[in-house]
Amino acid sequence: MSEEKKEEKAISRRKYLGAVAGLGVAAAVGWGLAGYLASKPKAPTIEKTVTITKTATPTVPTTPAKLTKFKLGVQGPMTGPAAYAGKDFMNAYKLALEERGGQIAGIPVELVPIDCESDPEKAVKAYERAIMVEGIHAGACGWHSSVHLALMDVWAAHKFPHIAHFGAARTILEKFRSNPEYYKWTMAKWWPIPEKLVIGYIETIFRAIEKGIITPKTKKVSIYVEDTDWGRSAGKAFEEGFKKKGWEVASFDVAPLDETEHVPMLTKIKGLDPDVLAVTWTGAAPVTSLIKQTREVGLRSIIIADGLGWITGWYEMAGKASDYVLDMIPQWTTPKAKAFVEKFKAKYGYEPSPSTGGLAYDNALFAFAVIEEVLKRTGGVWDQHAKELVVDIVRKEHFAFKDGILMETYQEDPNDPPDLIVGEHYYIFPVIQYFDGKGKIIWPPAWAEAEFTPPPWFK
């Protein structure tokens, strides 16, 4: 292990220990008092009573009781710059639970929100509280890669199952591979690593070149992403993908997650004259302001804005500046998906994003199905054996879920856990191009509703 990796691991552990210290202090007060009372000299009469009790009272083994309520933690950014995702998560989970009568395997379910506020250290504290104070039995969902990475240590320390977190960065797979048994508690990662998905963008660009729709001017790409594990991972995937095609990476820049003033960076990029600008941001204000500011500075590149459509109401914020932008998100294509949208709108008064509301709904259905299978096998008992069973069902038994609304099959990849299987009939996103706030599928060719349309400024 390199010194850099050692330091990174040490820092991660220090952050984890520091984050849980607050909860430990409260517990220590109670434990310290108990220890003091236990250490006091016992009166002779008490010693005699204890001796008599030991010889007279047999030890009776206890049987785990059947649950009367199941508490499921739903992790996500309920507040902060990505609160739109947390809102969709909770609403989708509530709707999915309501459709099954509020129960799993006949046991009433309580959903417990675990707010990370888009901050890994706050996520650790919130999740520790959910386990130790609120008494959740399992966890599910989640958005940020940096949060996913931090929480892997919480789940491992508590031997606690968390199902289908969205955190996608390659660093999550690397951490899992460093000790698969210790980190086994994260499973069915709900968003595959960027390398498995961004190929769609690159294929779209080069298909347009091959068909004579566009002619590259410089064969350069600029990359500009949020300074997070997700942003850097996605940026690296773009870099490697375009380099394999023989293109030059003109620039690779990062900025804070909440950055909204992009004009200086975009002005620099404009001077490099790249054919393509690839960006990704998970915050609503940062990415929509970036799109508008590309027009303000007169950028003449094709724009890939991965994740623009994740945000509910994004078009109201980005407006016509989003025309011709490429994105990659699931679509409401199946009858079940369209029915979900109508039901969601009727209940909550707005249309959800497929990437947050739609995928979170399938996320809930997946988690409920796994938990139901465990409870059926244990007779409603939830103990450490049940927690181990969650992992075994998903990973060792290759649990395949086919009742979602967006993907045909959700199944953890046995060759690359905890990622899901990516490909036809499994997990795949189409590339879309926006016009007037609506996306038309342009890749893969079998799904295409239209050809790629070059922006008028790309000359």
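Add 1252 to the 1-based position in the sequence shown for the numbering used here, that's all there is to it.
Glycine residues also receive a C-beta, built at the ideal position from the N, C-alpha and C atoms.
Grab me the residues of residue i's own chain with a C-beta within less than 8 angstroms of its C-beta, minus the 5 sequence neighbours each way, in chain order.
i: Pro1360; result: Thr1320, Lys1321, Phe1322 and Gly1354
i: Pro1706; result: Ala1460, Ile1465, Ile1466, Ile1554 and Tyr1576
i: Ala1335; result: Pro1329
i: Gly1671; result: It should be pointed out that residue 1671 corresponds to Asp in this sequence rather than to Gly. Cβ within range, chain order: Leu1425, Lys1441, Pro1444, Ile1445, Lys1448, Glu1664 and Asp1665.
i: Ala1357; result: Ile1623, Glu1624, Leu1627, Lys1628 and Gly1632
i: Lys1346; result: Leu1363
i: Asp1655; result: Leu1617 and Ala1621
Where does residue i land, buried or exposed, given buried means 16+ other C-beta within 10 angstroms?
i: Tyr1613; result: buried
i: Val1515; result: exposed
i: Arg1352; result: exposed
i: Gly1338; result: buried
i: Gln1527; result: Checking the sequence, you will find Asp at residue 1527 rather than Gln. Flag for Asp1527 reads buried.
i: Ser1574; result: buried
i: Tyr1686; result: buried
i: Ala1591; result: exposed
i: Gln1636; result: exposed
i: Tyr1602; result: exposed
i: Ser1430; result: exposed
i: Pro1604; result: buried
i: Gly1419; result: buried
i: Pro1538; result: buried
i: Val1399; result: buried
i: Glu1649; result: exposed
i: Trp1709; result: exposed
i: Glu1511; result: buried
i: Gly1483; result: buried
i: Val1376; result: buried
i: Glu1380; result: buried
i: Asp1481; result: buried
i: Val1385; result: exposed
Which of helix, strand or coil does DSSP assign to residue i?
i: Val1385; result: coil
i: Gly1609; result: helix
i: Met1580; result: strand
i: Phe1653; result: strand
i: Glu1259; result: For Glu1259, the predicted structure reports a pLDDT of 40, less than 50, and the residue's modelled location is therefore unreliable. A value from the coordinates is still provided. Note: Glu1259 maps to helix in three-state DSSP.
i: Tyr1686; result: strand
i: Glu1380; result: helix
i: Pro1372; result: helix
i: Glu1664; result: strand
i: Ala1557; result: strand
i: Asp1671; result: strand
i: Ile1366; result: strand
i: Lys1628; result: helix
i: Lys1711; result: coil
i: Ala1278; result: Low confidence applies here, because Ala1278 scores a pLDDT of 40, under 50, leaving its location unreliable; read the following figure in that light. In this structure, Ala1278 counts as helix in the three-state DSSP scheme.
How would you write the range of the beta strand (DSSP E) that residue i sits in, first residue to last?
i: Glu1500; result: Glu1500 to Ala1507
i: Tyr1567; result: Taken as a continuous stretch (DSSP letters only), Tyr1567 belongs to no beta strand (DSSP E), being part of the alpha helix (DSSP H) at Trp1566 to Ala1570.
i: Thr1532; result: Val1528 to Thr1532
i: Ile1543; result: Where Ile1543 is concerned, there is no enclosing beta strand (DSSP E), although the alpha helix (DSSP H) it sits in stretches over Ala1536 to Glu1548.
i: Ala1390; result: Ala1390 to Ala1392
i: Leu1551; result: Neither: Leu1551 is in no beta strand (DSSP E) and is coded neither H nor E.
i: Val1646; result: Segment: none, Val1646 is in no beta strand (DSSP E) and carries neither H nor E.
i: Gly1328; result: Phe1322 to Gly1328
Grab the span of the alpha helix (DSSP H) containing residue i for me, first residue to last.
i: Trp1695; result: Where Trp1695 is concerned, there is no enclosing alpha helix (DSSP H), although the beta strand (DSSP E) it sits in stretches over Lys1690 to Trp1695.
i: Phe1596; result: Pro1587 to Tyr1600
i: Gly1523; result: Val1515 to Leu1524
Is residue i close to the ligand COA? I mean its beta-carbon at under 7 angstroms from any heavy atom of the ligand.
i: Gln1355; result: The ligand COA is absent from the structure shown, which contains no ligand whatsoever.
Spell out whether any CB of chain D is found under 8 angstroms from the CB atom of residue i.
i: Ala1537; result: Within the model displayed, chain D is absent; a lone protein chain is all it includes.
Who are the near neighbours of residue i in its chain, counting only those whose CB is closer than 6 angstroms to its CB and skipping five residues on each side?
i: Asn1343; result: Tyr1600
i: Gly1216; result: The requested residue 1216 is not part of the displayed model; the chain covers only 1253 to 1711.
i: Ala1308; result: Legend: pLDDT at Ala1308 = 44, less than 50; position of this residue unreliable, no value from coordinates given.
i: Trp1533; result: Glu1478 and Val1539
Within its chain, find whatever has a CB closer than 7 angstroms to the CB of residue i; leave out the 5 residues flanking it on each side and keep chain order.
i: Val1622; result: Ile1415, Val1642, Ile1645, Val1646 and Phe1651
i: Gly1487; result: Ile1475, Val1477 and Phe1504
i: Gly1631; result: Lys1318
i: Leu1658; result: Pro1582, Ala1589, Pro1606, Gly1610, Leu1611 and Asp1614
i: Ser1370; result: Pro1329, Gly1332, Pro1333, Ala1334, His1396 and Leu1509
i: Ala1378; result: Ile1366, Asp1367 and Cys1368
Could you tell me which whole alpha helix (DSSP H) segments of length 4 or greater appear in the segment 1332 to 1362? 1335 to 1351
Please give the ranges of any beta strand (DSSP E) in the segment 1462 to 1503, keeping only runs that are unbroken, at least 3 residues long and fully inside the region. 1472 to 1478
Would you mind listing the alpha helix (DSSP H) stretches within the segment 1406 to 1462 that are 4+ residues and don't spill past its ends, in chain order? 1422 to 1430 and 1451 to 1462
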